[in-house]
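Before any comments, here is the structure.
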Amino acid sequence: MPLEIVTVPCLRDNYAFLGHDAESGATFLVDAPEAAPILAALAARGWSLSQVLITHHHADHVDGLAEILAQHDAEVIGAAADAARLPALDRQVNEGDVLEIAGEPAHVIDVSGHTVGHIAFHFPESHAVFTADSLMALGCGRVFEGSMEQMWGSLSKLAALPPETIVYSGHEYTQANGRFALTIEPGNPDLLARVDAIAKARAANNPTVPSALSLELATNPFLRAAEPSVQQNLGMEGAEPSVVFAEIRTRKDRF
1 MPLEIVTVPC LRDNYAFLGH DAESGATFLV DAPEAAPILA ALAARGWSLS
51 QVLITHHHAD HVDGLAEILA QHDAEVIGAA ADAARLPALD RQVNEGDVLE
101 IAGEPAHVID VSGHTVGHIA FHFPESHAVF TADSLMALGC GRVFEGSMEQ
151 MWGSLSKLAA LPPETIVYSG HEYTQANGRF ALTIEPGNPD LLARVDAIAK
201 ARAANNPTVP SALSLELATN PFLRAAEPSV QQNLGMEGAE PSVVFAEIRT
251 RKDRF
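Numbering (the UniProt record's numbering), first residue to last: 1 to 255.
Structure, rendered in structure tokens:
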């Protein structure tokens, strides 16, 4: 059976995720922005935390960890490359490592760019990838530490996953991302339909995360830098996709 995955809203616009294997009872957490809602979600389901998977060092992804560990004796897993900036890790991992988490293989992917040492966790059996602030719903994280070329490479790794993969990203930024995306592809019918669906979801106070990778490939401008229509709209026909991506990201930074 695939994992049961629960989206936990935290802080103002963050998301954490709980993954649960009903057969073994094992439960993992992806990122710890804030303890109270995560502990409440665990308690409501009678789940005990087995592991915490940390994607990157930013405070809004780790600040709740100490309080959570005070109640749950969980193994903390994060990137070896960023161990000096992360909370104390029980296990350090690198790209290409395959872990057994909640009865499934979890593949570690280096998605540096937003930060150097940012990782994602791909669960192919459950068709899930936890991307935090790398690939986001209709967007991507701001490039704070890495290079634009590095971020494009990271997004390209994620874009190559099976299109039925569900993307669990770290923030509720989708509506604003949609407004920007329309400046890049105003005539994209898939994007227009998605923006309308997002507006209805947010009006009902429903989350827009997670999202299907197939939908991101059809609508997310940061994944579409190689598309001739996108390059034409930007006046960059034939440019290297990493250069087009850099232009799109720079425009978003100013948007």
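All C-beta atoms in this analysis are idealised placements derived from N, C-alpha and C, irrespective of residue type, glycine included.
Secondary structure at A160: coil, using DSSP grouped into helix, strand and coil. For H61, the secondary structure class from DSSP, reduced to helix, strand or coil, is helix. For E67, the secondary structure class from DSSP, reduced to helix, strand or coil, is helix. Taking 8 Å as the cut-off, the Cβ atoms of T183 and L213 do not count as close. Residue pairing by DSSP places S211 opposite V167 in a beta bridge. T183 carries a helical assignment under DSSP once its states are collapsed to helix, strand and coil. Between the stretch 148-164 and the stretch 194-205, the count of C-beta pairs closer than 8 Å stays below three; the two stretches do not touch. DSSP places D31 in the coil class of the three-state scheme, outside both helix and strand.
Between the C-alpha atoms of R45 and G113 there is a straight-line separation of about 35 Å. Less than 8 Å divides the Cβ of L18 from the Cβ of L29. The Cβ neighbour count for P33, taken over all protein chains shown within 10 Å, is at least 16; the residue is labelled buried.
Annotation: the continuous alpha helix (DSSP H) that includes N233 extends over P228 to N233. Linking P163 to T208 through their CA atoms gives a straight-line distance of about 18 Å. Proximity of the stretch 214-221 to the stretch 126-142 meets the contact definition, three or more beta-carbon pairs being nearer than 8 Å.
For the pair A226 and A26, the Cα-to-Cα distance works out to about 41 Å. Short of 6 Å from the beta carbon of E4, and not among the five residues preceding or following it, lie these beta carbons of its own chain, in chain order: H20. Taking a C-beta distance under 8 Å as the contact criterion, G96 and V111 do not qualify as a contact pair.
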